[in-house]
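Novice: In the working numbering, the protein residues as written are 105 to 450.
Got a structure for you, written out below as C-alpha cells; questions coming shortly.
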Amino acid sequence: VGGVISPLLLNIALNGMEEAAGCRYSPEGHAQREAPILIRYADDFVVLCRTAEEAYEVKSKLAKWLEPRGLAFNEEKSSVRSLYEGYDFLGFTIRRYVASKRGNERTLVTPSKDSVARAKRRVKLSVMKYRGMPAASLIGALNPYTRGWSNYYRGASSSRTYANLDWYLKRCLFKWGMRMHPRKTKGWIWRRYFGENRFRDPKTGNLLVPFYTEITRHVAIKGKASPDDPSLKTYWRQRNAKKKPPRMTARKSYLAARQKGLCALCRQVLIVGAEYEPDNVRDWVQWFEAMRHSLHADHLVYRRDGGSDDVKNLRLVHADCHRLHHAGDGRRSRPATTAADPSWSA
C-alpha cells in the first residue's frame, strides 16, 4: 500500500511547485521561453534553466517553498549540472552533444549506465539461479524482464543499448549451456540452443525474447492535461489510440486484436488498465509477468480430439474464465465451426 499511497501524497503536497519555481505558460499551454521548466514524477524532479545563476536562484526559491511542508532537498542527490555534462532522471541519461563540425547540437535521451548495470546484474543472477534447470524454466523467468525493460526504454535512443544487452544475455546463456553440457562442444551447444540466433528450448521450441522492441517516440502531453480531468476524456482516448500497444507474443497479440481486446468467454476487457502504461521498469516487468499468468489461449477443438495450435482454433481468455469453463464442460470440445462463429468473437 505504501508504494501506491506515497506518490499520491507527494503529488498532493507538491502541487503548485511549478508556480513556486517561476514556470509560466502561454494560453495555449506552451512554456514561455524565458521561464524555467520543471518536470516532476512524485518527489523526483528536474528544473531546466538557461544559466547556472538562474538554477541556483530557483533552487533557493524551492527550498523556501518546501520548508513549511516539512520537506527539504536531499543534497546528496541534488546538483546543478550543465546539459553538456548530462544528468540522470528516472533511469534515463539526458545529455546534449555537438553533432557535427558545423556546431549543430543534438540532445539524446538514453538508458543510464546504472540502469544498464542493474539489467546485466539481474540477467546474471537469473541465469545463475536456473543452473541445472530446463531451458523452458529459464526462458519463463527471463521473458517478462526482457520485455518489461525493453518497453520502458522504447521511447528513448536505446538501439545501441539493446544490442549491448542482447550480446551480454547471449554470453550468459552460452555459459549456462556449457555448464548444462560440459562434455559437448561449443558448436553443439550453439546448434541446440541458438537456432536462428535466438535462445530457444529444444524440447518445446519456446523462444527467449531479446532485449529489443521497436523504438516509439514519446508524444508530449498538451499543456497541463491530466488523465483525471473528465473534460479531457476525448483528448486522452485519441492520444492513447495513436500509441502502439506494448509488445506481446505474436499469437496473443493477434488473438487480442481479433477479439478487440475482450475475453472470448466473459466479454470483459482482457487486461484491466491496459490503457495506462506502467511508468517504471519494475511495474513493466510485473505487468508482463501478470499477463503471462492471467491470459490463456483456449482451444476450440481440444488437442486430444485432433485440434491444432493454429490461431484459427484458439481464442484468448482470462485464466479464471478458462478454469471455470473447463470445470463446466471440460470433457468435450466445441464444434469446429465455432472458430468462425461471431457469437464468441468480440
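Note that the Cβ used here is the ideal one computed from N, Cα and C, for glycine as well.
#1: If you follow the beta strand (DSSP E) that TYR272 is in, where does it begin and where does it stop?
#2: Since GLY252 contacts VAL389 with CB under 8 Å, what's their CB separation in whole angstroms?
#3: State the Cα-Cα distance for the pair MET395 and GLY365, rounded to the nearest angstrom.
#4: At a cut of 8 Å, does the stretch 130 to 150 reach the stretch 185 to 196 through at least three beta carbon pairs?
#5: Grouping DSSP H, G and I as helix and E and B as strand, with all else coil, what is ARG304?
#6: Kindly identify the DSSP beta-bridge partner or partners of PHE87.
#7: Buried or exposed for GLY281, going by 16 or more other Cβ atoms inside 10 Å?
#8: Can you give me the start and stop residues for the alpha helix (DSSP H) that ALA156 sits inside?
#9: CB-CB under 8 Å to SER216, same chain, minus the five flanking residues each way: which ones, in chain order?
#10: Taking the beta carbon of SER330 as the centre, do at least 16 other beta carbons fall within 10 Å, making it buried, or is it exposed?
#11: Would you say LEU277 lies against chain D (beta-carbon separation less than 9 Å)?
#12: So what's GLU209 in DSSP terms, helix, strand or just coil?
#13: Within 10 Å of its beta-carbon, does LEU112 have 16 or more other beta-carbons around it, so buried, or fewer, so exposed?
#14: Below 6 Å CB to CB, which residues in the same chain sit around GLY120 once its five sequence neighbours on both sides are set aside?
#15: By DSSP's criteria, LEU311 is part of a beta bridge. Which residues make up the other side?
#16: Span of the beta strand (DSSP E) holding TYR257?
#17: Look at the alpha carbon of ASP414 and the alpha carbon of ARG407, and state the distance between them as a whole number of angstroms.
#18: Along the chain, where does the alpha helix (DSSP H) that runs through TYR145 open and close?
#19: By Cβ distance below 7 Å, which residues in the same chain neighbour ALA55 in space, the five residues on each side in sequence not counted?
#20: Given a threshold of 16 other Cβ atoms within 10 Å of its Cβ, counted over all protein chains shown, does PHE303 qualify as buried or as exposed?
#21: Could you give the distance in angstroms between the alpha-carbon of ALA159 and the alpha-carbon of THR211?
Specialist: Considering the structure as presented:
#1: Run containing TYR272: none in the beta strand (DSSP E); it sits in the alpha helix (DSSP H), 263 to 284.
#2: 3 Å
#3: 13 Å
#4: yes
#5: strand
#6: Any property of residue 87 remains undetermined from this structure, which presents the chain solely from 105 to 450.
#7: buried
#8: 156 to 170
#9: ASP192, GLY195, PHE196, THR197
#10: exposed
#11: Protein chains in the displayed structure number just one, and chain D is not present.
#12: strand
#13: exposed
#14: none
#15: ARG304
#16: Note, TYR257: premise wrong, no beta strand (DSSP E); not H, not E.
#17: 11 Å
#18: Taken as a continuous stretch (DSSP letters only), TYR145 belongs to no alpha helix (DSSP H), being part of the beta strand (DSSP E) at 141 to 145.
#19: The shown model of the chain, from 105 to 450, leaves out residue 55, and the question about it has no answer.
#20: buried
#21: 19 Å
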